[in-house]
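Residue numbers for the sequence shown follow our numbering, so the first one is 116 and each next one is one higher.
Note that the Cβ used here is the ideal one computed from N, Cα and C, for glycine as well.
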Amino acid sequence: MRVYDLINNKKHGGQLSDEEIKFLIDGYVKGDIPDYQMSAMLMAIYFKGMNLSETTALTRAMVESGETIDLSFIDGIKVDKHSTGGVGDKTSLVLLPLMALCGLKVSKMSGRGLGHTGGTIDKLESIPGFNVNLDRDEMFYIVEKFGFAISGQTLDLVPADKKLYALRDVTATVDNLSLIASSIMSKKIASGADIILLDVKVGSGAFMKNVDDAVQLAEMMVSIGKSFGRKVGIVLSNMEEPLGFAVGNSLEVIEAVKTLSNEGPEDFTTLCVFLNATMLKLSGICDTLEEGLEKTKALLKTDDPFLKFVDFVYAQKGDTTYIKDLTKFEKSKYAYKVISTSEGYIKTIDAEKIGLCSLVAGAGRATKEEEIDHTAGVILHKKVGDQVAFGDALGVIYTNKSDEKEALTESFYEAFGFSSEPVRKNNVIIGMVDDHGFIDMRK
Ligand code: URA
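Structure below.
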């Protein structure tokens with residue numbers, strides 16, 4: 116087999132066989148196939164696409180490139196959750212305690228943020244002492260005892276994705292449905308859960324800019340899951356504006372803890388409740404989505420979600436006094452309030468722009484090597500649809516940088532669009548995709 120012939124075939128819109136795809140992935144991971152040939156192949160795939168059979172074969176070859184986790188000796192229903200990435204997306208911090216309280220077991224591998232989106236691991240590291248580097252035994256022990264654990268990628272799961280993703284990132288080939296589907300599904304399948312819930316973000320701050328593409332991606336991922344004997348449920352959620360009010364690591368942990376005590380922002384709480392209800396239905400714990408919604412809302416009115424989170428922080432060696440007293444979290448030196456010079460209604464809040472503003476404030480990395488400032492980020496004071504008067508605060512930027520006030524304030528303001536007419540609030544839930552296709556839930 117010659118890589119040249121495979122690239123040429125794909126360039127002309129041909130279909131790659133399972134063996135050819137396996138040859139490409141194995142050769143690339145081993146270093147036998149150089150980056151320049153894989154880049155050409157990625158670009159050919161980008162323009163000519165892959166069908167479902169090729170995408171499934173790609174996923175399989177990626178899973179087989181590294182270790183896989185066998186969760187079968189943990190009692191109970193093993194589930195996993197993944198989001199395609201957004202701004203202000205602290206959903207795992209709320210959803211995992213809820214799922215564990217409902218009797219599900221979650222052993223979750225999470226990533227760090229890159230670009231304008233945040234990563235769960237960085238958020239958790241803003242809790243002093245918190246250990247994100249669990250080995251396999253520690254992870255399983257915590258899942259058995261507390262119901263869930265979250266760790267960085269300490270095992271060598273899907274090395275093909277690490278290498279391919281880095282290459283896609285610098286060759287402008289990230290946003291292809293087959294490449295995204297195989298990247299996400301290979302990691303979820305290697306992690307061993309029987310049921311996988313995916314939160315596919317749609318909008319300006321997400322990879323999927325429109326609902327049609329998101330539905331296509333979702334249907335592909337459901338089919339791939341089926342080929343591996345996994346049940347996959349997908350929720351499409353809105354990423355036209357940041358989720359909740361907080362963007363930035365410790366700021367998001369604080370918002371998540373408040374949400375666990377039923378004092379969170381409306382959109383974020385709605386999404387967490389809906390995701391948990393979907394998982395309860397998928398796993399057969401509840402017969403209907405409505406029953407799941409009722410059960411989750413009732414749970415949030417109790418102290419149990421908060422206490423479950425305290426247990427989790429304790430199990431992963433974090434300082435629980437910070438969770439019990441949120442004022443203990445260190446604050447950034449500067450808080451720049453951004454004032455509205457328009458009046459009317461908030462029409463848009465560009466999630467990507469807010470994410471980038473938070474990144475520049477110190478909350479994210481522009482390169483892999485950069486250190487994160489856990490105190491930095493933004494708190495929005497307005498959401499889409501809110502009325503605004505001259506002089507109202509649109510939000511506050513938290514940073515330790517003294518020389519960026521003007522640039523940060525300007526970039527924050529640029530994320531906002533205004534209207535003189537009333538504007539409808541965004542529906543955080545767009546719809547669901549399962550075996551039976553897409554259910555549109557926009558009101
Ligand atoms: N998230 C992933 O894990 N992979 C992609 O390709 C895109 C989003």
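Which partner residues does L272 have in the DSSP bridge list?
Taking the first residue of the sequence shown as position 1, residue 272 is located at position 157. According to DSSP, L272 bridges with E182.
Can you tell me where the alpha helix (DSSP H) holding D426 begins and where it ends?
Your numbering for residue 426 matches position 311 in the sequence shown. Where D426 is concerned, the enclosing alpha helix (DSSP H) stretches over D419 to A430.
With 16 as the cutoff for other CB atoms within 10 Å, does P380 come out buried or exposed?
The sequence position of residue 380 within the sequence shown is 265, counting from 1. Residue environment: P380 is assigned as buried (16 or more neighbouring CB atoms within 10 Å of its CB, all protein chains considered).
Nearest-angstrom Cα distance between G320 and S297?
The residue labelled residue 320 in the question sits at position 205 within the sequence shown. The residue labelled residue 297 in the question sits at position 182 within the sequence shown. Taking the straight line from one Cα to the other gives about 21 Å.
Own chain residues within Cβ distance below 6 Å of Y460, not counting five before or after
The sequence position of residue 460 within the sequence shown is 345, counting from 1. Correct list, in chain order: Q502, S534, P537 and V538.
For Q431, does the count of other Cβ atoms within 10 angstroms reach 16, so buried, or fall short, so exposed?
Along the sequence shown, read from residue 1 onward, the residue named residue 431 stands at position 316. With 16 or more Cβ atoms within 10 Å of its Cβ, Q431 is classed as buried.
Cα-Cα separation between N183 and A305, rounded to whole angstroms:
For the purposes of this step, residue 183 is taken as the residue at position 68 of the sequence shown. For the purposes of this step, residue 305 is taken as the residue at position 190 of the sequence shown. Here residue 183 turns out to be Thr, not Asn, going by the sequence shown. Taking the straight line joining both Cα atoms gives about 4 Å.
Quick one, which of V388, G244 and I339 has its alpha-carbon nearest I310's?
For the purposes of this step, residue 310 is identified with residue 195 of the sequence shown, where counting begins at 1. Of V388, G244 and I339, the residue nearest in Cα terms is I339.
On a CA-only basis, which of F444, I512, K196 and L415 is nearest I454? Give me that one, please.
The sequence position of residue 454 within the sequence shown is 339, counting from 1. Per the Cα distances, I512.
Does the distance between the C-beta of S298 and the nearest non-hydrogen atom of the ligand URA fall short of 8 Å?
As a first step, residue 298 is located in the sequence shown; it is residue number 183 there, counting from the start. Under cutoff, so the answer is yes.
Give me whichever residues DSSP pairs with D555 in a beta bridge.
Residue mapping note: residue 555 aligns to position 440 of the sequence shown, counting from 1. Answer is G546.
Near the ligand URA: K302 beta-carbon under 8 Å from a heavy atom
In the sequence shown, residue 302 corresponds to position 187, counting from 1. Result yes, Cβ under 8 Å from the ligand URA.
So what's N124 in DSSP terms, helix, strand or just coil?
Within the sequence shown, numbered from 1, the residue matching residue 124 stands at position 9. Note: N124 maps to helix in three-state DSSP.
Do you know offhand how far K223's Cα is from D271's?
If you number the sequence shown from 1, residue 223 lands on position 108. If you number the sequence shown from 1, residue 271 lands on position 156. So the alpha carbons of these two residues sit roughly 14 Å apart.
Would you list the one or two residues that DSSP bridges to Q502?
Walking along the sequence shown from the start, residue 502 turns up at place 387. According to DSSP, Q502 bridges with Y460.
Is V247 helix, strand or coil when you go by DSSP?
Your numbering for residue 247 matches position 132 in the sequence shown. Three-state DSSP puts V247 in coil, outside helix and strand.
Tell me the DSSP secondary structure of I349 in three-state form.
To locate residue 349, count along the sequence shown from 1; it is residue 234. It is a strand residue.
8 Å CB neighbourhood of A522 in its chain, flanking five on each side removed
By one-based count along the sequence shown, residue 522 stands at place 407. V475, listed in sequence order.
Could you tell me if the beta carbon of D276 falls within a distance shorter than 8 Å of some heavy atom in the ligand URA?
Locating residue 276 in the sequence shown gives position 161, counting from the first residue. Flag set: Cβ of D276 near the ligand URA.
CB of G479 within 9 Å of CB of D237, strictly:
Residue 479 sits at position 364 when you count from the first residue of the sequence shown. Residue 237 sits at position 122 when you count from the first residue of the sequence shown. A contact, by the Cβ cut-off of 9 Å.
Would you kindly work out how many angstroms separate the C-alpha atoms of V273 and V144, rounded to a whole number?
As a working mapping, residue 273 is identified with position 158 in the sequence shown. As a working mapping, residue 144 is identified with position 29 in the sequence shown. Their Cα atoms are separated by approximately 10 Å.
Buried or exposed, going by whether 16 or more other CB atoms sit within 10 Å of the CB of I554?
Translated into positions along the sequence shown, residue 554 becomes position 439. It is exposed - the Cβ of I554 has fewer than 16 other Cβ atoms within 10 Å.
Check for me: the beta strand (DSSP E) holding S222 runs from which residue to which?
As a first step, residue 222 must be located in the sequence shown, where it is residue number 107. Unbroken beta strand (DSSP E) run through S222: K220 to M224.
Roughly how many angstroms lie between the CA atoms of I494 and M547, to the nearest whole one?
Numbered from 1 along the sequence shown, position 379 holds the residue referred to as residue 494. Numbered from 1 along the sequence shown, position 432 holds the residue referred to as residue 547. Using only the alpha carbons, I get a separation of about 29 Å.
Identify, in the order they occur along the chain, each residue of the same chain with its Cβ nearer than 6 Å to the Cβ of S526, setting aside the five sequence neighbours on each side.
Residue mapping note: residue 526 aligns to position 411 of the sequence shown, counting from 1. Correct list, in chain order: C472.
So, does the segment 364-383 touch the segment 240-248, judging by three or more C-beta pairs under 8 Å?
The segment 364-383 vs the segment 240-248: in contact.
Would the beta-carbon of G200 be found less than 8 Å away from any heavy atom of the ligand URA?
Taking the first residue of the sequence shown as 1, we reach residue 200 at position 85. Yes, the ligand URA has a heavy atom inside 8 Å of this Cβ.
For I140 versus L167, is the C-beta spacing smaller than 9 Å?
The residue labelled residue 140 in the question sits at position 25 within the sequence shown. The residue labelled residue 167 in the question sits at position 52 within the sequence shown. In this structure, the beta-carbon distance from I140 to L167 does not fall below 9 Å.
I'd like to know whether the C-beta atoms of K348 and L313 end up nearer to each other than 9 Å.
Translated into positions along the sequence shown, residue 348 becomes position 233. Translated into positions along the sequence shown, residue 313 becomes position 198. According to the sequence provided, residue 348 is Gly. The question's Lys does not apply to it. It is a contact, given that the beta carbons lie within the stated cut-off.
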